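Peer 1: Our numbering numbers the first residue of the sequence shown as -18 and each following residue consecutively.
The structure is given below, and queries will be raised subsequently.
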Amino acid sequence: MSLPDYLHTPHGRRIAYHQSAGTGPGVVFLGGFNSDMGGTKATYLQDWAERTGRAYLRFDYSGHGDSSEKFEDGCIGHWAEDAACAISELTEGPQILVGSSMGGWISLLMTQRITARVAGLVTIAAAPDFTEDSMWDSFTDTQRAEVMEQGVTLLPSEYGDPYPITRRMIEDGRNQLVLRSPLPLPFPVRFLQGTDDADVDMSVALRLLDHATGPDMRLTLVKGADHRFSDPEELGLITAAIEEILTKIAP
């Protein structure tokens, strides 16, 4: 595996990335919460992009993977800043955003903040507003007290060490919500969701589909797929969604 390149942001953070040159519109992968750009979906898409000659970018948010900062010092707002900076500085022209889990939320924020750069959107188990609707709403009184009084609570994870959920993350998340106000998506959009996802319930995908507005929006439910969405058939659905969008936006 080659070493990453680095982008220094105006916010003083160092963002690690891998980029493949190719034709546009390019594809940008936005990863999940406490994940990194070395995951199965991110590297699969790079292989696909290199085979097809498509421009491609994957990167680590600050506090993730090879980027600078500590995870517990970050929040949705910081990671959205990282994404906007990476897309704006490292890519040219319109891009198709592919957002996985938290990356789905970040990609929706990008449609509002760098609207002119977004030509299409694919989400995989998108988790918009999860700090409020999934975390805070499900926290016990003890966990809420730890967040507010001690500044952090540790949330168990089946993927490894517990996640430190900070007061900053919860309070900042309330400034990034996308399901409480109009969410226009004026380009081709494909939402992918597994029915056996234990981390993002299928109801979230249905709520997102119902809430967002746009001329070309589809939700594909994959029976039996879990949150990883990384077996060969599921990975094929991701590239099929990208390719379908490309046929719709090609000049």
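Positions of the beta carbon are idealized from the N, C-alpha and C atoms, including for glycine.
These numbers come from a predicted model, not from an experiment.
If the criterion is Cβ atoms closer than 8 angstroms, does the pair Gln0 and Leu38 meet it?
Peer 2: Closer than 8 angstroms, so yes.
Peer 1: Considering only the beta carbon of each residue, do Phe168 and Gly101 sit closer than 8 angstroms?
Peer 2: Against a cut-off of 8 angstroms, the Cβ pair of Gly101 and Phe168 comes out as a contact.
Peer 1: Taking 8 angstroms as the cut-off, decide whether the C-beta atoms of Arg149 and Cys66 are in contact.
Peer 2: Cβ atoms of Arg149 and Cys66: not closer than 8 angstroms.
Peer 1: Per DSSP, what kind of secondary structure is Pro213 in: helix, strand or coil?
Peer 2: In this structure, Pro213 counts as helix in the three-state DSSP scheme.
Peer 1: According to DSSP, is Ser81 part of a helix, a strand, or is it coil?
Peer 2: Strand.
Peer 1: Per DSSP, Ile237 forms a beta bridge with which residues?
Peer 2: The chain is shown only over -18 to 232; residue 237 falls outside these bounds and no answer can be derived.
Peer 1: Gln131: buried (16+ other C-beta within 10 angstroms of its C-beta) or exposed?
Peer 2: Gln131 is exposed by the Cβ-count criterion.
Peer 1: Using the Cβ count rule (16 or more neighbours within 10 Å means buried), how would you classify Asn156?
Peer 2: Classification for Asn156: exposed.
Peer 1: Thinking just about the alpha-carbon of each residue, which of Thr(-10), Arg32, Ala36 and Ser82 is nearest to the one in Val181?
Peer 2: Of the candidates Thr(-10), Arg32, Ala36 and Ser82, the one whose C-alpha sits nearest the C-alpha of Val181 is Ser82.
Peer 1: Any chance the segment 102 to 120 sits against the segment 29 to 49, with 3 or more Cβ pairs inside 8 angstroms?
Peer 2: Touching, no.
Peer 1: Give every residue of the same chain whose Cβ lies closer than 7 angstroms to the Cβ of His192, excluding the five residues on either side of it in the sequence, and list them in chain order.
Peer 2: Hits under 7 angstroms: Leu160 and Leu164.
Peer 1: Please state the DSSP three-state secondary structure of Phe111.
Peer 2: Here Phe111 sits in helix by DSSP.
Peer 1: Look up Tyr(-2) in the DSSP assignment and say whether it is helix, strand or coil.
Peer 2: Correct three-state label for Tyr(-2): strand.
Peer 1: For a test of the three-state rule: what should DSSP assign to Ile105, helix, strand or coil?
Peer 2: It is a strand residue.
Peer 1: Is the segment 209 to 217 close to the segment 18 to 26, with three or more CB pairs under 8 angstroms?
Peer 2: The segment 209 to 217, when compared against the segment 18 to 26, does touch it at the 8 angstroms Cβ threshold.
Peer 1: Using C-beta distances below 7 angstroms, list every residue in its chain close to Ile87, excluding the 5 sequence neighbours before and after it, in chain order.
Peer 2: Counting only Cβ-Cβ distances below 7 angstroms, and skipping sequence neighbours, we find Leu11, Trp60, Ala61, Ala64 and Gly80.
Peer 1: Where does Phe52 sit, in a helix, a strand or coil, going by DSSP?
Peer 2: Phe52: helix per DSSP, three-state reduction.
Peer 1: Let's see if you can read the secondary structure: which residues bound the alpha helix (DSSP H) around Gln27?
Peer 2: Unbroken alpha helix (DSSP H) run through Gln27: Thr21 to Thr33.
Peer 1: Distance, Cα to Cα, Arg171 vs Ala222?
Peer 2: Rounded to whole angstroms, Arg171 to Ala222 spans 6 angstroms at the Cα level.
Peer 1: Do Thr194 and Met183 have their C-beta atoms closer together than 8 angstroms?
Peer 2: It is not a contact, given that the beta carbons lie outside the stated cut-off.
Peer 1: Identify every residue that forms a DSSP beta bridge with Ile87.
Peer 2: DSSP output for Ile87 lists no bridge partner at all.
Peer 1: State yes or no: is the C-beta of Pro145 within less than 8 angstroms of the C-beta of Phe210?
Peer 2: The answer is no: Cβ separation not under 8 angstroms.
Peer 1: Answer with buried or exposed for Ala7, where buried requires no fewer than 16 other C-beta atoms within 10 angstroms of its C-beta.
Peer 2: Going by the sequence as given, residue 7 is Gly instead of Ala. It is buried - the Cβ of Gly7 has at least 16 other Cβ atoms within 10 Å.
Peer 1: Using DSSP's beta-bridge definition, name the partner residues of Tyr39.
Peer 2: Contrary to the premise, residue 39 reads as Arg rather than Tyr in this sequence. Arg39 pairs with His(-1) and Phe10.
Peer 1: Out of Thr4, Ser49, Gly3 and Gly34, state which residue places its alpha-carbon closest to the alpha-carbon of Pro(-15).
Peer 2: The shortest Cα separation from Pro(-15) among Thr4, Ser49, Gly3 and Gly34 belongs to Ser49.
Peer 1: Over the uninterrupted beta strand (DSSP E) stretch that includes Gly141, give me the two end residues.
Peer 2: Looking at the DSSP string, the run of the beta strand (DSSP E) that includes Gly141 is Gly141 to Thr147.
Peer 1: Ala186 and Leu200: beta carbons closer than 8 angstroms?
Peer 2: Taking 8 angstroms as the Cβ cut-off, Ala186 and Leu200 qualify as a contacting pair.
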